[in-house]
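Written below as structure tokens is the structure these notes are about.
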Amino acid sequence: MTRTPISSHTWRLPAAFFAAAILASTLAGSNPQTASAEDLAPDAGKIHNHVTYLSSDELGGRDSGEPGLEIAAEYIARFYAEYGLEPAGDNGSYFQHFTIPQGACFVQDAGAVIEFKDGETVSLTPGSEVAAFGFTDGKPIDAPLAFVGYGITTNDREKNRGLDYDDFNGIDVKGKVVIILRYTPRYSSSENPFGGRRSRHAPFNAKIANAREHGAVGVIFVTPTGQPDQDCYGVAHRAAPRQPTMPALYARRASIDHLLRGSGETIGRLVKKIDEGLKPASFELKGAKIRFATARRHLLLRNVAGKLPGSDPKLAAETIVIGGHYDHIGRFGNQVAEKNLGQIHNGADDNASGTAGIIELARLLSSGKRPKRSFVFVAFSGEEIGLFGSRHWVNATRYFTTTEATTALESAPNPHGGNKGASLLWEAGTLLKATGSFQGGHFQVKTLDGESGWVKTTDLKQIEGPAPLHSVIAMINLDMIGRGKNGGPVTVLGAHSSAAFPPLLEEISKNIALPIKLNKGLGGGGSDHANFVRKKIPVVFFFTGMHGQYNTPEDDIGTVNVPFEARIVNMAWKTSLKLASAEGRPAFAQGSAGGSSANPDRPMLGIIIDPNHEGDGVKINEVVEDSVAEKGKLKVGDVIVAFGDTRVKALADLQKALEDRPQGKIKLKVIREGSEKNAEVEFPTRQGGFRVSFGSIPDYAYDEKGVRFEDIRPATPAAAAGVKPGDVLVRWAGKEVRDVQHWTELLGGHKPGDKVEIEVMRDKKVVKMTVLLKAR
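Numbers given in the working numbering equal positions in the sequence shown, counted from 1, plus 141.
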């Protein structure tokens, strides 16, 4: 058959890509459109081939901004075309493009230039010696230097506990670029008084904010001795702020030692001096200054989208989205553990497995008899760095036009009937943008002049953008479906986002003899379905659970249970067919989009920020339902410029204020529609410090009393105590454990060094043990 063009440009794909594509086409046999319904079934061989290729070293772990991710996108699109899907991306392609801010870049190719008083000039080479890390407005920095240790200033609460430490005491850094050590003093020691890895002083953003508060104009980060001197590109790619903070660099130790030569110091000697005495050793670097300029860096990412139009003249206007993310964390992603930096994380389960499921469902649904409703298949990008791909898909502007003179209501129609309110009249050919709000048979649109109205979904013709949200009746999410256990159930999250789902899923489960576990929680969890839940679209999320290889280099094809994944794909297929032919659309269950935090000790404001905001403050892109922000009447478009006593110039300021674990009522200042307004939010009372490590991976789908451990990490307090995978924690320090959230609260009440008596159920027997908690 004639293939639909995939894109207007061609990527140079490796030979293995073509080998995989040819193999899959060979396995497919005849044109899938001619296959009979009796012959159709999920093909474990095809699934295996897809997972194998997508999780191969050749794709480098599919990290955002890396070539392997782009090759994966082309691979997915090629199968969309093979199965006859219509392009559902930009400009008649399978690709929906979007950009996200990702750290900083150098404005000048020279990187950074250091000038010494003796006339010597040293250029630090970008990539090998230095990397751009933070930015503001791109203006050049030309300033003297100072060393300020770990860049820490303890607050009053810490001082009251006896921890009085200030790297900025006695030194004037105004107008200077400051050199700051990563981490905290005595970082790897059990005698670390700052809280270890989870210290509020350890994050880059906290150090940048503190330096700016003391008048510095720039920062150079360097890793202290005793810790690996990591790849510059890797550190910047993994951890650089997305929001404007201040001009900042990350440099290798040798480069900073050369910079310090006039002082007679080295990083090694300074680290030893500070760590041993727990006293600052800050000083100005006489006769040396640095020049550099950094600006915001953007990544261009792509969702891969194809459409299968429905066959029913009426129901074809309604859409079912089948999605999952195809990106992973590569070698330097933000979820790569420090000990694994530089190693390829192939992400076979996370989420080559789900991507393979999408491709196989596209084959199945495009074969044989065409479903009544339409399907859109979307492989999302940017999930690992913030659910950006699915967020862009649901928020992308949809353009419509009136085909004839159209009446619009000025307000949403009353679902109970009665007065419909004032109305507007738009002439034929009026160009309109959908706002994303819909109710019953109406959705809200705006003219290009900003006039807003509610119109019937049947009155307009779409001319650009993804499937309109009011047409999406459900979203099926496939994320990490490769680690099912033979004989065990498959977890279905979000199943209670519609009352229609549990009976439908249970019927299919019985018919195909695949046990399921319908989880009542995580309706808004950390995967792409969450952005659909926020738009009040019901979701079904298939998931086989966490495991010890999650976000490690060991998540490879050899760990994937392909035959079991084929059974999950079969269930997703049957679910899709049922939804496609149902008489009515599944109603969204109010409350599924709740914004509460799984850890009450870590306050969540409940906002999604606009990453492209350029000015001061933090701009709100979305307000999460039932969150602190919504209850405080914060609105989309508000720019937070003050949080309590903290002036918010950048995201780092807001993060630092939240790290102080506020509770009770907090006053805010926001810029709303050009004017400064006062606002107030109220945080719930918290339960403890939560600065300790246990070392387990809970089974979040476990819905009986207690906490079942999916895996136990080696060399952790849990492992040392003898806790094993499969154990169910039932008592903690004498208290009965109800569930993960309850255990999180109990754990949060401890400090490093505490010994805790616990009880677990193992093989139907109670096992008692003692756990010595360590700092996180």
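Virtual Cβ for every residue (Gly too), placed ideally from N, Cα, C.
Because the structure is a prediction, the values reported are computed rather than measured.
Give the C-beta separation of residue i and residue j to the nearest angstrom, bearing in mind that I take them to be a contact with Cβ-Cβ under 8 Å.
| i | j | result |
| --- | --- | --- |
| Tyr391 | Ala272 | 5 Å |
| Pro752 | Ile241 | 6 Å |
| Asp204 | Arg432 | Going by Cβ atoms, the distance from Asp204 to Arg432 rounds to 31 Å, so no, they are not a contact pair. |
| Val477 | His469 | Going by Cβ atoms, the distance from Val477 to His469 rounds to 10 Å, so no, they are not a contact pair. |
| Glu821 | Gly773 | 6 Å |
Would you give the residue range spanned by the alpha helix (DSSP H) that residue i belongs to?
| i | result |
| --- | --- |
| Tyr540 | Not the alpha helix (DSSP H): Tyr540 falls in the beta strand (DSSP E), residues 540 to 543. |
| Asp416 | 408 to 418 |
| Pro643 | 642 to 653 |
| Ala218 | 208 to 223 |
| Phe673 | 670 to 674 |
| Ser531 | 529 to 536 |
| Ala458 | Careful: Ala458 lies outside any alpha helix (DSSP H) and carries neither H nor E. |
| Ala377 | 373 to 380 |
| Val765 | Here Val765 belongs to no alpha helix (DSSP H), and DSSP marks it neither H nor E. |
| Glu501 | 495 to 506 |
Out of the options, which one is the CA nearest neighbour of residue i?
| i | options | result |
| --- | --- | --- |
| Leu401 | Pro388, Gln384, Lys427 | Lys427 |
| Val358 | Met387, Ala874, Val822 | Met387 |
| His670 | Ile617, His637, Val701, Ser650 | Ile617 |
| Ser234 | Thr407, Lys414, Val445 | Val445 |
| Gly279 | Phe309, Gly773, Val248 | Val248 |
| Leu181 | Leu505, Phe835, Pro281 | Leu505 |
| Asp398 | Pro365, Asp416, His378 | Pro365 |
| Arg410 | Gly290, Glu332, Thr435 | Gly290 |
| Ala713 | Leu646, Asn692, Gly756 | Leu646 |
| Ser837 | Phe824, Glu845, Glu851 | Glu851 |
| Ile899 | Thr911, Asn660, Val777, Pro183 | Thr911 |
| Ile526 | Ala380, Ser552, Arg872, Ile415 | Ala380 |
| Pro679 | Asn652, Leu659, Gly530, Ser639 | Ser639 |
| Phe521 | Gln484, Leu795, Gly465, Gly375 | Gly465 |
| Asn310 | Ala721, Ala222, Ala251, Glu425 | Glu425 |
To the nearest angstrom, how far is it from the Cα of residue i to the Cα of residue j?
| i | j | result |
| --- | --- | --- |
| Gln174 | Ser508 | Model confidence at Gln174 stands at a pLDDT of 49, short of 50, so the residue's coordinates are unreliable and nothing is read from them. |
| Asn560 | Gly581 | Low confidence applies to Asn560: its pLDDT is 48, below 50, so where it sits in the model is not reliable enough to give any reading. |
| Arg438 | Pro656 | 47 Å |
| Ser717 | Ala874 | 46 Å |
| Gly736 | Gly625 | Bear in mind that the predicted position of Gly736 carries a pLDDT of just 46, short of 50, making it too unreliable to give a figure here. |
| Gly451 | Thr632 | 29 Å |
| Ala245 | Glu211 | 21 Å |
| Tyr306 | Ser330 | 18 Å |
| Ala457 | Lys513 | 6 Å |
| Lys315 | Gly303 | 28 Å |
| Phe288 | Lys797 | 22 Å |
| Val897 | Leu914 | 8 Å |
| Gly889 | Val833 | 8 Å |
| Gly830 | His883 | Bear in mind that the predicted position of Gly830 carries a pLDDT of just 42, short of 50, making it unreliable; the figure below should be weighed with that in mind. Going from the Cα of Gly830 to the Cα of His883 covers about 15 Å. |
| Asp370 | Ser269 | 12 Å |
| Asn536 | Asp198 | 33 Å |
| Ile761 | Pro855 | 40 Å |
| Leu440 | Ala569 | 39 Å |
| Leu775 | Phe579 | 21 Å |
| Ala395 | Val517 | 52 Å |
| Asn301 | Pro644 | 57 Å |
| His191 | Pro866 | 30 Å |
| Tyr467 | Ser816 | 42 Å |
| Asn740 | Glu724 | For Asn740, the predicted structure reports a pLDDT of 40, less than 50, and the residue's modelled location is therefore unreliable. A value from the coordinates is still provided. Spanning the two alpha carbons is a distance of roughly 40 Å. |
| Lys480 | Ile461 | 41 Å |
Determine which residues share a DSSP beta bridge with residue i and list them.
| i | result |
| --- | --- |
| Lys246 | The sequence as given places Cys at residue 246; Lys does not occur at that position. Bridge partners of Cys246: Ala436. |
| Phe784 | Thr787, Leu809 |
| Arg849 | Val869 |
| Tyr391 | Ala272, Phe362 |
| Lys597 | His583 |
| Glu817 | Ile812 |
| Lys348 | None; Lys348 has no bridge partner. |
| Arg903 | Lys906 |
| Thr588 | Leu573 |
| Asp307 | Thr294 |
Note the first and the last residue of the continuous beta strand (DSSP E) segment covering residue i.
| i | result |
| --- | --- |
| Ile604 | 601 to 605 |
| Ile312 | No beta strand (DSSP E) holds Ile312; DSSP gives it neither H nor E. |
| Ile188 | It is not in any beta strand (DSSP E) - Ile188 instead sits in the alpha helix (DSSP H) that spans 185 to 195. |
| Asp283 | 282 to 288 |
Examine chain C for any beta-carbon lying closer than 7 Å to the beta-carbon of residue i, and answer yes or no.
| i | result |
| --- | --- |
| Asp231 | The structure shown contains no chain C; it is built from a single protein chain. |
Quick one: is the Cβ of residue i within less than 6 Å of any heavy atom of the ligand NAD?
| i | result |
| --- | --- |
| Gln690 | The ligand NAD is not part of the structure shown, which contains no ligands of any sort. |
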